[in-house]
Amino acid sequence: MASPAASEEAAATVAFQLRLYVAGETTKSLAAFANLQRICETHLAGLYRIEVIDLRKNPGLAAGDQILAVPTLVRRLPEPIKKIIGDLSNEERVLVGLDIQSLRA
Amino acid sequence: MKKEVAETLPNLAKAPTGIVGLDEITGGGLPAGRPTLVCGTAGCGKTMLALEFLVRGATQFNEPGVFMMFEENAAELTANVRSLGFDLDELVARKKIVLDYVHIERSEIEETGEYDLEGLFIRLGHAFDSIGAKRVVLDTVEALFAGLANHAVLRSELRRLFRWLKDRGMTAIITGEKGDGNAITRYGLEEYVADCVIILDQRIQDQISTRRLRVLKYRGTVHGTNEYPFLIGAHGFSVLPITSLQLDHKVSTQRIPTGIARLDEMLGGLGVFRGSSVLVSGSPGTGKSSIAAKFIETVCQRGERALFFAYEESPEQIIRNMRSVGIDLGPWVNKGLLEIHASRPTLLGLEQHLVMMHDLVRSFKPTVVAVDPISNLTMAYDDAEVKPTLMRLIDFLKKEQITAVFTSLTSGGDATSAPEDSQLAVSSLMDTWLMLRNVEFTGERNRTIFVRKSRGMAHSNQVREFVLSDNGIDLVDVYLGGDRVLTGSARVAREAQERAAATLSVQDHQRKLRHLASKRKAIDAQIAALQAEAEAETEEVLFIIAQETLQEKTTHLDADAMAQQRGSINGTAGRKKTG
Numbered sequence: 054m055a056s057p058a059a060s061e062e063a064a065a066t067v068a069f070q071l072r073l074y075v076a077g078e079t080t081k082s083l084a085a086f087a088n089l090q091r092i093c094e095t096h097l098a099g100l101y102r103i104e105v106i107d108l109r110k111n112p113g114l115a116a117g118d119q120i121l122a123v124p125t126l127v128r129r130l131p132e133p134i135k136k137i138i139g140d141l142s143n144e145e146r147v148l149v150g151l152d153i154q155s156l157r158a
Numbered sequence: 019m020k021k022e023v024a025e026t027l028p029n030l031a032k033a034p035t036g037i038v039g040l041d042e043i044t045g046g047g048l049p050a051g052r053p054t055l056v057c058g059t060a061g062c063g064k065t066m067l068a069l070e071f072l073v074r075g076a077t078q079f080n081e082p083g084v085f086m087m088f089e090e091n092a093a094e095l096t097a098n099v100r101s102l103g104f105d106l107d108e109l110v111a112r113k114k115i116v117l118d119y120v121h122i123e124r125s126e127i128e129e130t131g132e133y134d135l136e137g138l139f140i141r142l143g144h145a146f147d148s149i150g151a152k153r154v155v156l157d158t159v160e161a162l163f164a165g166l167a168n169h170a171v172l173r174s175e176l177r178r179l180f181r182w183l184k185d186r187g188m189t190a191i192i193t194g195e196k197g198d199g200n201a202i203t204r205y206g207l208e209e210y211v212a213d214c215v216i217i218l219d220q221r222i223q224d225q226i227s228t229r230r231l232r233v234l235k236y237r238g239t240v241h242g243t244n245e246y247p248f249l250i251g252a253h254g255f256s257v258l259p260i261t262s263l264q265l266d267h268k269v270s271t272q273r274i275p276t277g278i279a280r281l282d283e284m285l286g287g288l289g290v291f292r293g294s295s296v297l298v299s300g301s302p303g304t305g306k307s308s309i310a311a312k313f314i315e316t317v318c319q320r321g322e323r324a325l326f327f328a329y330e331e332s333p334e335q336i337i338r339n340m341r342s343v344g345i346d347l348g349p350w351v352n353k354g355l356l357e358i359h360a361s362r363p364t365l366l367g368l369e370q371h372l373v374m375m376h377d378l379v380r381s382f383k384p385t386v387v388a389v390d391p392i393s394n395l396t397m398a399y400d401d402a403e404v405k406p407t408l409m410r411l412i413d414f415l416k417k418e419q420i421t422a423v424f425t426s427l428t429s430g431g432d433a434t435s436a437p438e439d440s441q442l443a444v445s446s447l448m449d450t451w452l453m454l455r456n457v458e459f460t461g462e463r464n465r466t467i468f469v470r471k472s473r474g475m476a477h478s479n480q481v482r483e484f485v486l487s488d489n490g491i492d493l494v495d496v497y498l499g500g501d502r503v504l505t506g507s508a509r510v511a512r513e514a515q516e517r518a519a520a521t522l523s524v525q526d527h528q529r530k531l532r533h534l535a536s537k538r539k540a541i542d543a544q545i546a547a548l549q550a551e552a553e554a555e556t557e558e559v560l561f562i563i564a565q566e567t568l569q570e571k572t573t574h575l576d577a578d579a580m581a582q583q584r585g586s587i588n589g590t591a592g593r594k595k596t597g
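Encoded structure:
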């Protein structure tokens with residue numbers, strides 16, 4: 054799974070740093086990634102960066118962000134950290150979770 | 019169904035917990051490679067039990083472990099258990115233990131769509147692999163129910179989790195909060211963890227709290243089913259099995275003297291058995307403590323170690339008071355052979371006292387333990403509770419081959435009532451029972467002692483007077499006068515009487531002998547006189563006989579001579595011849 058996101062130079066300046074934790078390429082993780090990308094492109098075009106972490110490959114990273122459930126989306130920036138678990142199929146809930154509504158308002 | 023039976027039939031492998039008492043109750047430990055549910059109310063020691071299981075596993079059984087906590091974080095846990103002597107930081111550094119704090123905060127989490135708990139599995143798996151773990155604790159996994167909204171997913175994932183732990187062969191402890199009413203746990207974890215369930219409980223009675231442990235269920239093995247008090251003391255968790263499941267302690271035939279020669283005499287001449295329990299009971303002021311102190315002193319004189327638990331006097335007070343009856347404990351304390359532990363009985367609950375004793379006995383390793391008095395320890399409790407508690411203590415001491423002397427205050431004071439009734443609860447546990455009594459007679463109170471029972475040895479049935487003086491303790495025969503025993507000055511008076519009577523009778527005998535001697539002398543004299551008389555008479559008779567014989571002879575001679583003369587001169591010889 055690649056992480057097609059904003060370019061590296063832009064990474065420092067993007068408003069949204071998102072991290073998606075998955076465990077292997079399951080239907081749930083693929084669905085979550087697809088849903089996330091769609092939502093970000095729709096609402097945060099150019100303002101986001103997605104990093105996908107496969108815990109199967111990097112099990113040591115699970116503890117750092119307190120990951121239990123997968124898929125889990127972590128909004129690392131802007132602070133405070135927010136977490137959304139599930140396949141992100143409900144766009145409304147994802148937007149609430151990422152606090153994007155207020156940004157657009 | 020068939021498969022399940024087959025699974026439980028072979029002897030279960032067990033993972034020893036290393037926790038004092040728990041391995042005895044469970045017959046060797048928790049089911050190895052299976053999860054065990056430990057549940058109880060808040061603050062009853064679930065985390066302690068689980069953590070000690072893990073620490074002991076890592077340090078004593080070479081089974082590294084993972085502690086996954088959901089409630090307190092690693093730093094808090096480490097600080098909390100440092101007081102028990104567990105250095106988690108060091109164990110973590112040595113890769114013996116992994117601490118993983120799982121923090122889940124519902125307010126920070128939004129749920130949208132399907133998910134599973136693979137992340138948790140991966141975290142655990144990673145931790146297992148990093149140290150080669152054999153044991154794992156989840157404390158307490160129920161926090162997930164508060165953190166995650168979708169309980170249906172959670173339940174199915176928990177079921178998968180426990181299955182997975184089994185497949186990985188992990189010996190696991192899952193802790194759970196006690197549910198309302200009859201529910202074992204609030205979220206029904208027992209449904210998933212079916213192999214072994216341990217329940218912890220904390221109760222407060224008479225303002226003293228007692229913690230208890232019970233093995234509710236342990237598939238495929240025999241286990242103790244009672245409630246066992248436990249404590250979290252300076253050396254960690256300790257469960258006190260009422261008795262170990264069997265009565266199988268080793269016994270000694272070695273005898274140790276009590277230090278009171280005449281008391282040893284009453285006990286078959288040799289004293290009590292090593293490792294036996296001696297109860298010294300009596301009303302106030304009968305000298306119970308003195309007997310215990312004398313026993314202790316004797317033990318120390320032999321160079322053995324003794325532990326004295328005092329619940330009435332401070333150590334210094336004991337030493338001073340015992341000096342007054344010729345028992346000096348001071349030097350032994352200084353030499354380190356004797357430890358006196360004085361505390362108020364109300365300081366702790368009965369069980370706490372017991373555990374404190376266990377700890378001290380284990381660290382000091384005495385050969386004799388004295389408790390003065392046990393009746394104070396048991397003040398606040400009903401007999402039903404005291405007996406099993408003491409039984410545990412006695413059982414423990416017997417197992418360690420430690421001789422125990424318990425003094426016990428009886429309620430009754432005089433000889434007419436039966437003060438021993440108040441000892442019924444504990445007396446059956448004792449091997450030797452010495453009873454001290456006050457006997458009041460002729461305006462005096464005196465002490466008597468007798469051996470009420472002494473298992474496995476011939477013992478005296480006699481009541482002795484028990485005398486405490488500057489020179490120490492001594493036992494004296496009592497006198498029976500009329501229908502009561504005589505003690506004290508009555509005994510002394512009786513002794514004087516008997517002495518006087520004895521002197522008199524000696525004099526009488528001498529007088530009789532003298533009389534006999536003089537009588538014999540008189541008789542002898544008489545015999546001599548009679549003999550002399552007889553001799554004199556014999557002589558007389560012989561003389562007379564001789565005289566007469568002589569006379570006769572003389573007469574014949576004269577006649578012949580005359581006849582001859584007549585015949586020659588007168589010629590009348592013919593007449594003479596015819597006449």
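These protein sequence lines map, in sequence, to chains V and X. Each residue of the first sequence is one higher than the last, beginning at 54 in my numbering. Each residue of the second sequence is one higher than the last, beginning at 19 in my numbering. Ideal placement from N, C-alpha and C gives every residue a C-beta, glycine not left out.
Can you give the beta carbon distance from V/Lys135 to V/Leu114, rounded, assuming they're within the 8 Å contact cut?
Between V/Lys135 and V/Leu114 the beta-carbon gap is near 18 Å, outside 8 Å, which marks them as no contact.
Mind checking X/Ile217: buried by the 16 CB within 10 Å criterion, or exposed?
By the Cβ neighbour-count rule, X/Ile217 is buried, with 16 or more other Cβ atoms within 10 Å of its own.
Judging by CA-CA distance, which residue of V/Leu97, V/Ile137 and V/Gln70 is the nearest neighbour of V/Pro124?
V/Ile137
Determine, using beta carbons only, whether X/Val120 comes closer than 9 Å to chain V.
With 9 Å as the cut-off, X/Val120 counts as an interface residue toward chain V.
Sheet register partners of X/Pro49 (DSSP bridge):
X/Lys32
Who are the neighbours of V/Arg146 on chain X, taking C-beta pairs under 7 Å?
In chain order: Glu128 and Thr130.
When you compare only the Cα positions, how much space is there between V/Tyr101 and V/Val147?
Between V/Tyr101 and V/Val147, the C-alpha separation is close to 14 Å.
Output the distance between the C-alpha atoms of X/Pro247 and V/Lys110, rounded to the nearest integer angstrom.
Going from the Cα of X/Pro247 to the Cα of V/Lys110 covers about 48 Å.
Secondary structure of X/Ser435, DSSP reduced to three states
Low confidence applies to X/Ser435: its pLDDT is 45, below 50, so where it sits in the model is not reliable, and the reading given next is rough at best. Coil.
What are the complete beta strand (DSSP E) segments, minimum 3 residues, inside the segment 486–527 of chain X?
Unbroken beta strand (DSSP E) stretches of 3 residues or longer found wholly inside the segment 486–527 of chain X: 490–495, 497–499 and 502–504, given in chain order.
Between the beta-carbon of V/Ser142 and the beta-carbon of V/Ala84, is there less than 9 Å?
yes
What residues in the segment 119–132 of chain V bring their beta carbon closer than 7 Å to a beta carbon of chain X?
Gln119, Ile120, Leu121, Ala122, Val123, Pro124 and Thr125
Count the other CB atoms, across all protein chains shown, that sit within 10 Å of the CB of X/Asn80; report buried if there are 16 or more and exposed otherwise.
exposed
With a threshold of 9 Å between beta carbons, is X/Gly150 in contact with chain V?
Residue-level contact by beta carbon fails for X/Gly150 and chain V, as no gap is shorter than 9 Å.
Going by C-alpha to C-alpha distance, which of X/Arg204, X/Arg232, X/Pro275 and X/Ala535 sits closest to X/Val257?
X/Arg232
Rounding to the nearest angstrom, what Cα-Cα distance links X/Leu159 and X/Arg74 in this structure?
Strictly speaking, residue 159 of chain X in this sequence is Val, with Leu absent from that position. Near 22 Å, if we compare the C-alpha coordinates of X/Arg74 and X/Val159.
Quick one, are the C-beta atoms of X/Leu427 and X/Ser472 less than 9 Å apart?
no
Evaluate the contact criterion for the segment 168–178 of chain X versus the segment 105–115 of chain X: three or more CB pairs, one atom per stretch, below 8 Å.
Two segments are said to touch when three or more pairs of C-beta atoms, one from each, lie closer than 8 Å; by this definition the segment 168–178 of chain X does not touch the segment 105–115 of chain X.
Among X/Thr466, X/Ala111, X/Tyr329 and X/Asn98, nearest to X/Asp495 - alpha-carbon criterion
Closest option to X/Asp495, Cα to Cα, is X/Thr466.
Between the C-alpha atoms of X/Ala520 and X/Val298, what's the straight-line distance to the nearest angstrom?
38 Å
Partners in chain V for X/Tyr133, counting only beta-carbon separations shorter than 8 Å:
Lys81, Ala122, Val123, Pro124, Thr125, Ile138, Gly139 and Asp140
How would you list, in chain order, the residues of chain X whose beta-carbon sits under 7 Å from the beta-carbon of V/Leu108?
Gly137 and Ile140
Measure the alpha-carbon distance for X/Ser445 versus X/Leu452 and round it to whole angstroms.
When rounded, the distance between both Cα atoms is 10 Å.
Would X/Thr276 pass as a contact of X/Val56 if the rule is Cβ separation under 9 Å?
no
C-alpha gap between X/Arg112 and X/Thr96, whole angstroms
15 Å
Would you report the Cα separation of X/Asn200 and X/Gly206, rounded to the nearest angstrom?
11 Å
Can you confirm whether X/Gly194, when its beta carbon is compared against all beta carbons of chain V, has any partner nearer than 9 Å?
no
Which value, in whole angstroms, describes the spacing of the CA atoms of V/Val127 and X/Lys152?
32 Å
Considering only C-alpha positions, which residue in the set X/Gly46, X/Asn98, X/Leu72 and X/Leu138 is nearest to V/Tyr162?
Residue 162 of chain V cannot be examined here, being either before or after the span of chain V that is shown, 54 to 158.
Return the residue from the list X/Gly45, X/Ala324 and X/Arg362 that minimises the CA-CA distance to X/Val351.
X/Ala324
Given that X/Gly143 touches chain V, what residues does it touch there, using C-beta distances under 9 Å?
Pro112
So X/Met86 and X/Val38 are supposed to be a Cβ contact under 8 Å. How far apart are they, rounded?
In fact, because the Cβ distance is near 25 Å, the residues do not count as touching under 8 Å.
Whole-number beta carbon distance between X/Ser295 and X/Ala422, since they are thought to touch under 8 Å:
5 Å
Taking Cβ to Cβ, would you say X/Ala476 is nearer than 9 Å to X/Thr425?
no
Please check if any C-beta of chain X sits within less than 9 Å of the C-beta of V/Ala84.
yes
What would DSSP say about X/Thr54, mapped onto helix, strand or coil?
Collapsing the DSSP output to three states places X/Thr54 in a strand.
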